[in-house]
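Peer 1: Structure incoming, see below.
2 protein chains.
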Amino acid sequence: MRIGELAARASVSVRALRYYEEQNLLTAERSSSGQRHYPDSAVDRVQLIQHLYAAGLTSRTIVDLLPSFETGEVWAATLDRLSAEQKRVNRKIGELVGIRDRLDVIITKATEAKIAGRSCRD
Amino acid sequence: MRIGELAARASVSVRALRYYEEQNLLTAERSSSGQRHYPDSAVDRVQLIQHLYAAGLTSRTIVDLLPSFETGEVWAATLDRLSAEQKRVNRKIGELVGIRDRLDVIITKATEAKIAGRSCRD
DNA sequence: CTTGCCTCTGACGTCAACGTCAGCTTTTAG
DNA sequence: CTAAAAGCTGACGTTGACGTCAGAGGCAAG
């Protein structure tokens, strides 16, 4: 498939896909006229990349760790980085859960007060 | 306390504190010579701000929602935004847990392979 | 053929949360 | 008193993941 279709199927912009290629996160076959052509598997790859970005990993880190995600094979030197990222992600989950709980408390209180007709201004 | 001490106690930079003031997230008394003076409670406030940033909230959003966090009192219009942020945070937690689990699988496999002496290159 | 959409390669723009530097005043330690 | 440390106000720099625009070429439909 060409870049537009991949962008649509993976829900990212065309620009993002070209950027991923620039960062060596994604490769493409080229047609004789220079257009990029991707296999179906590229959709999953792009979505994985998106999830890793969302988890706070940088392009540089993703480029190092992506092979491990796809092959399951891990170099010894990579294992440390994987563990480091795991710890980082776990810390971030903790932070987010903390905020979510505070939001829960506030929202619950406000909703109860609303039902009771108190302390919820307009 | 002055800005340097607050920065140290809240583990942020002096620049960050001035930036928070610029964004109306933090106010300070001024001495006659113009120096900022903060109450002890500012430490907690700054740490809360940091956590909200870490949760992916923007300055604009924090400035709107911070009063709710501190007073527990919620305007009706604010309640929707709080819920929206809560949903966003919950989605993000889900994403992070997904990544963490994939990291778990990879690391566990790699570690077992290492123990067994297989598929962990150097 | 040509119209209209897709794609290409640069290359500059954006946005948020600060970092950093300059030049100056205030406070503190000895 | 004096020098170092800390504070002040602009104002420009940084970083990452793209957005956007210009100018040119490619491709299926009528």
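The listed protein sequences derive, respectively, from chains A and B.
Residue numbers for the first sequence follow the working numbering, so the first one is 258 and each next one is one higher.
Residue numbers for the second sequence follow the working numbering, so the first one is 258 and each next one is one higher.
For each residue, glycine too, the CB sits at the ideal point set by N, CA and C.
Indicate whether LEU263 of chain B and ALA299 of chain B have their beta-carbon atoms separated by less than 8 Å.
Peer 2: yes
Peer 1: Residues of chain A with CB under 8 Å from VAL346 of chain B, in chain order?
Peer 2: Those within 8 Å of VAL346 of chain B in chain A are LEU353, ILE356, ARG357, LEU360.
Peer 1: State the Cα-Cα distance for the pair PRO296 of chain A and MET258 of chain A, rounded to the nearest angstrom.
Peer 2: Computed Cα separation, rounded: 6 Å.
Peer 1: Have a look at the DSSP bridge pairing and note the partners of GLU381 of chain B.
Peer 2: In this structure chain B extends from 258 to 379, so residue 381 of chain B is not present and cannot be described.
Peer 1: Buried or exposed: which applies to ILE372 of chain B, given that a residue is buried once 16 or more other Cβ atoms fall within 10 Å of its Cβ?
Peer 2: exposed
Peer 1: Counting contacts by CB-CB distance shorter than 8 Å, is ILE372 of chain A in contact with chain B?
Peer 2: no
Peer 1: Name the chain A residues whose beta carbon is nearer than 8 Å to that of GLN343 of chain B?
Peer 2: ARG357, LEU360, ASP361, ILE364
Peer 1: By how many angstroms is the C-alpha of GLU352 of chain B removed from the C-alpha of GLY261 of chain B?
Peer 2: Across the structure, GLY261 of chain B and GLU352 of chain B are spaced so that their CA atoms are roughly 37 Å apart.
Peer 1: Just curious, the alpha helix (DSSP H) that THR315 of chain B is in, first and last residue?
Peer 2: Premise fails: THR315 of chain B is in no alpha helix (DSSP H) and is neither H nor E.
Peer 1: Is the separation between the beta-carbon of VAL362 of chain A and that of LEU360 of chain B shorter than 8 Å?
Peer 2: no
Peer 1: Round the Cβ separation of GLN280 of chain A and VAL331 of chain A to the nearest angstrom and send it over; I've been treating them as touching at under 8 Å.
Peer 2: Incorrect: roughly 21 Å between the Cβ atoms, too far for contact.
Peer 1: How big is the Cα-Cα spacing for THR335 of chain B and ALA285 of chain B?
Peer 2: 25 Å
Peer 1: So, at 6 Å on beta carbons, what are the nonlocal neighbours of LEU309 of chain B in its own chain, with the 5 sequence-adjacent residues on each side left out?
Peer 2: ILE319
Peer 1: Measuring only from the beta carbon, is ALA285 of chain B closer than 7 Å to any heavy atom that is part of the ligand GTP?
Peer 2: In terms of ligand content, the structure shown is empty, and the ligand GTP therefore cannot be addressed.
Peer 1: Show which residues of chain B have a CB atom less than 7 Å away from the CB atom of SER325 of chain A.
Peer 2: ILE363
Peer 1: For ARG302 of chain A, which residues of its own chain have a beta-carbon under 7 Å away from its beta-carbon, when the five flanking residues on both sides are left out?
Peer 2: Around ARG302 of chain A: LEU283.
Peer 1: Could you tell me the alpha carbon to alpha carbon distance between GLU342 of chain A and ALA370 of chain A, rounded to whole angstroms?
Peer 2: Cα to Cα, GLU342 of chain A sits roughly 42 Å from ALA370 of chain A.
Peer 1: Sorted by chain position, which residues of the same chain lie with C-beta nearer than 8 Å to HIS294 of chain A's C-beta, five sequence neighbours on each side aside?
Peer 2: Cβ within range, chain order: MET258, ARG259, ALA285, GLU286, ARG287, SER288.
Peer 1: Using a beta-carbon distance below 8 Å, is LEU282 of chain B in contact with chain A?
Peer 2: No - not a single Cβ of chain A is within 8 Å of the one on LEU282 of chain B.
Peer 1: Short of 9 Å Cβ to Cβ, which residues in the region 302 to 316 of chain A face chain B?
Peer 2: Along the region 302 to 316 of chain A, the positions whose C-beta sits under 9 Å from a C-beta of chain B are LEU305, HIS308, LEU309, ALA311, ALA312, GLY313, LEU314, read in chain order.
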